[in-house]
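**Student:**
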Amino acid sequence: MQIALAPMEGLVDDILRDVLTRVGGIDWCVTEFIRVNDQLLTPAYFHKFGPELLNGARTRSGVPLRVQLLGSDPVCLAENAALACELGSEVIDLNFGCPAKTVNKSRGGAVLLKEPELLNSIVEHVRRAVPAHIPVTAKMRLGFDSPDGSLVCATALAEGGAEHIVVHARTKVDGYKPPAHWEWIPRVQDVVKVPVFANGDIWSVEDWRRCREISGVEDIMLGRGLVSRPDLAKQIAAARAGEDVVEMTWAELLPLIQDFWLQAKAQMTARQSPGRLKQWLAMLTRNYPEATELFTVLRRETEPDQVSRLLGLPVAEAA
């Protein structure tokens, strides 16, 4: 079984990838999507989204990072995929699942599920452009407004050369509304010969067990469930191995939140960093009452030094 950390725009950046992969249980992670239009991007642009490329395409804890590209031009995507490989990416992932309206309007993400021939062409071009030992993978939804075309899309991706396919078991129109339609995943697996990963609505070990029973697949990708429960991958790995599942306590989580904040404070502007922390805290409130209390205290705080104080961190006083 492989457990992957999902790429989520504006949320799972290099800081959160670092923190979450240090908890354990995650086999690999993915950059936020790197948008490709009509030009070859610069190495600096790739490093902005994937600074781990400067560290052997690994997070601080050694978890592999793969670069994810989004776009609709097969030739330009292929050229940028080749550059990403030169910069150290050991896998190229292609995004056919983003539901954002702005992305879809520019012919990126889930809207391409309306054009299976283009999906096939994109994967084929990228496959030919990157070294033979570099896997090309894809992430898709069940379709744009109906899952009826999902089998054709998955077939197009697999025949184009995708080594595995992650299926977020909702359509674009579904967005993130529950439930995820795990019952479609075995239908997708039936029509392709490559591994299929299940993604969507796995918030707990119990959800994972139900997903595995319904989908029939072993490999999973965790998104919001892992962000809101940082040890979820570790819990699932333990359950899969028949070991006791021991949940992370708030006392164990708080140092990770503090470290996340220190990294955000160092890398972002004083205006950006508090909001970044609140974004993650808001998701942690789903599982930790202490996160709710902390979020309430920090909700209107915008001054970084005061945020540090409220997190119990030392602040250098002005002379």
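Sequential numbering from 55 applies to the sequence shown in the working numbering.
Yeah, the Cβ is synthetic: ideal placement off N, Cα and C, and Gly gets one too.
A quick note: this is a predicted structure, and the numbers were derived from the prediction, not measured.
(1) Please classify D92 as buried or exposed, where buried requires at least 16 neighbouring CB atoms within 10 angstroms.
(2) Going by C-alpha distance, which of I188, A164 and L70 is nearest G197?
(3) Spatial neighbours of S143 within its chain, please: C-beta separation below 7 Å, excluding the five flanking residues on both sides.
(4) Could you check where the beta strand (DSSP E) with V157 kicks off and where it finishes?
(5) With a 10 Å radius around its C-beta and 16 neighbouring C-beta atoms as the bar for buried, classify M55 as buried or exposed.
(6) Per the DSSP calculation, H222 is bridged to which residue(s)?
(7) From the DSSP output, in three-state form, read off Q93 for me.
(8) Tell me V121's beta-bridge partners as DSSP assigns them.
(9) CA-CA distance, P284 and M337?
(10) Three-state secondary structure (DSSP) at V84?
(11) For A372, which of helix, strand or coil comes out of DSSP?
(12) Specify the secondary structure class of R112 as computed by DSSP and reduced to three states.
(13) With the cut-off set at 9 Å, would you say T225 and R195 are in Cβ contact?
(14) If you draw a straight line from the alpha carbon of A132 to that of V184, how long is it in whole angstroms?
(15) Do you know whose CA, among A252, P61 and N341, lies nearest M302's CA?
(16) Whole-angstrom Cβ separation of S204 and L166, contact assumed at under 8 Å?
(17) Spatial neighbours of A373 within its chain, please: C-beta separation below 7 Å, excluding the five flanking residues on both sides.
(18) Any idea which residues DSSP pairs M275 with across the strands?
(19) For V242, which three-state DSSP category applies?
(20) Using a Cβ-Cβ cutoff of less than 7 Å, which residues in the same chain neighbour R354 once the five nearest sequence positions on both sides are dropped?
(21) Which same chain residues, not among the five before or five after V73, have their C-beta less than 6 Å away from its C-beta?
(22) Taking the Cβ atom as the reference point for each residue, do G214 and N253 lie within a distance shorter than 9 Å?
(23) For D244, count the other beta carbons within 10 Å of its own beta carbon; 16 or more makes it buried, fewer makes it exposed. Which is it?
(24) Let me make sure I understand the geometry here. Which of A345, T346 and S327 has the alpha-carbon closest to that of S362?
(25) So the candidates are V271, G229, G64 and S258; which of them puts its Cα closest to the Cα of D199?
(26) Distance, Cα to Cα, E86 vs E140?
(27) Thinking just about the alpha-carbon of each residue, which of T356, V84, P153 and V66 is nearest to the one in K231?
(28) Compare the C-alpha of A291 against each of A192, E267 and I274 and name the closest.
(29) In or out: V90 buried (at least 16 other Cβ within 10 Å) or exposed?
(30) For the alpha helix (DSSP H) that contains M337, what are its first and last residues?
(31) Quick check on V259: does DSSP put it in helix, strand or coil?
(32) Among W304, H222, L172 and I69, which has the Cα closest to the Cα of A60?
(33) So, for D67: in the same chain, excluding its five sequence neighbours on each side, which residues have a beta-carbon less than 6 Å away from its beta-carbon?
**Tutor:** A quick look at the data gives this:
(1) Against the sequence shown, residue 92 aligns to sequence position 38. Exposed, by the Cβ-count rule.
(2) Along the sequence shown, read from residue 1 onward, the residue named residue 197 stands at position 143. Looking only at I188, A164 and L70, the smallest Cα-Cα distance to G197 is reached by A164.
(3) Stepping through the sequence shown from its first residue, residue 143 is reached at position 89. Cβ contact annotation for S143 (same chain, cutoff 7 Å, sequence separation greater than five): L107, A111, R120 and V121, in chain order.
(4) On the sequence shown, residue 157 is found 103 positions in, with the first residue counted as 1. It is not in any beta strand (DSSP E) - V157 instead sits in the alpha helix (DSSP H) that spans K155 to K159.
(5) Walking along the sequence shown from the start, residue 55 turns up at place 1. So M55 counts as exposed.
(6) Here residue 222 refers to the residue found at position 168 when the sequence shown is read from its first residue. Note: H222 sits in a beta bridge opposite R195 and N253.
(7) Here residue 93 is taken as the residue at index 39 of the sequence shown, counted from 1. DSSP places Q93 in coil when its eight states are reduced to three.
(8) As a position in the sequence shown, residue 121 is number 67, starting the count at 1. Answer is I146, bridged to V121.
(9) For the purposes of this step, residue 284 is identified with residue 230 of the sequence shown, where counting begins at 1. For the purposes of this step, residue 337 is identified with residue 283 of the sequence shown, where counting begins at 1. Roughly 10 Å between the two C-alpha positions.
(10) The residue you call residue 84 lines up with position 30 of the sequence shown. DSSP places V84 in the strand class (E or B) of the three-state scheme.
(11) Along the sequence shown, read from residue 1 onward, the residue named residue 372 stands at position 318. Bear in mind that the predicted position of A372 carries a pLDDT of just 45, short of 50, making it too unreliable to give a figure here.
(12) Taking the first residue of the sequence shown as 1, we reach residue 112 at position 58. If DSSP states are grouped into helix, strand and coil, R112 belongs with the strands.
(13) Locating residue 225 in the sequence shown gives position 171, counting from the first residue. Locating residue 195 in the sequence shown gives position 141, counting from the first residue. Yes, Cβ-Cβ distance for T225 and R195 is below 9 Å.
(14) On the sequence shown, position 78 is the one that residue 132 refers to. On the sequence shown, position 130 is the one that residue 184 refers to. The alpha-carbon atoms of A132 and V184 are separated by roughly 8 Å.
(15) Within the sequence shown, numbered from 1, the residue matching residue 302 stands at position 248. For M302, the nearest C-alpha among the options comes from N341.
(16) Locating residue 204 in the sequence shown gives position 150, counting from the first residue. Locating residue 166 in the sequence shown gives position 112, counting from the first residue. Going by Cβ atoms, the distance from S204 to L166 rounds to 13 Å, so no, they are not a contact pair.
(17) As a position in the sequence shown, residue 373 is number 319, starting the count at 1. For A373, the predicted structure reports a pLDDT of 43, less than 50, and the residue's modelled location is therefore unreliable. A value from the coordinates is still provided. Result list for A373: empty, nothing under 7 Å.
(18) In the sequence shown, counting from the first residue as 1, residue 275 sits at position 221. Looking at the DSSP assignment, M275 forms a beta bridge with A58 and N253.
(19) Numbered from 1 along the sequence shown, position 188 holds the residue referred to as residue 242. Correct three-state label for V242: helix.
(20) Here residue 354 is taken as the residue at index 300 of the sequence shown, counted from 1. Closer than 7 Å at Cβ, skipping near neighbours: no residue.
(21) Translated into positions along the sequence shown, residue 73 becomes position 19. If we look at V73 and ignore the five residues flanking it on each side, its Cβ neighbours are L310 and F314.
(22) Your numbering for residue 214 matches position 160 in the sequence shown. Your numbering for residue 253 matches position 199 in the sequence shown. No. Outside cutoff.
(23) Residue numbering aside, residue 244 sits at position 190 when the sequence shown is read from its first letter. The residue is exposed, with fewer than 16 neighbouring Cβ atoms inside 10 Å.
(24) By one-based count along the sequence shown, residue 362 stands at place 308. Nearest of A345, T346 and S327 to S362, Cα basis: S327.
(25) In the sequence shown, residue 199 corresponds to position 145, counting from 1. When each option's Cα is compared against that of D199, the closest is G229.
(26) For the purposes of this step, residue 86 is taken as the residue at position 32 of the sequence shown. For the purposes of this step, residue 140 is taken as the residue at position 86 of the sequence shown. When rounded, the distance between both Cα atoms is 19 Å.
(27) Your numbering for residue 231 matches position 177 in the sequence shown. The shortest C-alpha separation from K231 is found at P153.
(28) On the sequence shown, residue 291 is found 237 positions in, with the first residue counted as 1. Answer by Cα proximity: I274.
(29) Along the sequence shown, one-based indexing puts residue 90 at 36. Burial call: buried.
(30) For the purposes of this step, residue 337 is identified with residue 283 of the sequence shown, where counting begins at 1. Looking at the DSSP string, the run of the alpha helix (DSSP H) that includes M337 is S327 to L338.
(31) One-based indexing of the sequence shown puts residue 259 at position 205. In the structure shown, V259 sits in a helix (DSSP, three-state: H, G or I).
(32) Taking the sequence shown and counting its residues from 1, one reaches residue 60 at position 6. Nearest option by C-alpha distance: H222.
(33) The residue labelled residue 67 in the question sits at position 13 within the sequence shown. No residues qualify anywhere along the chain.
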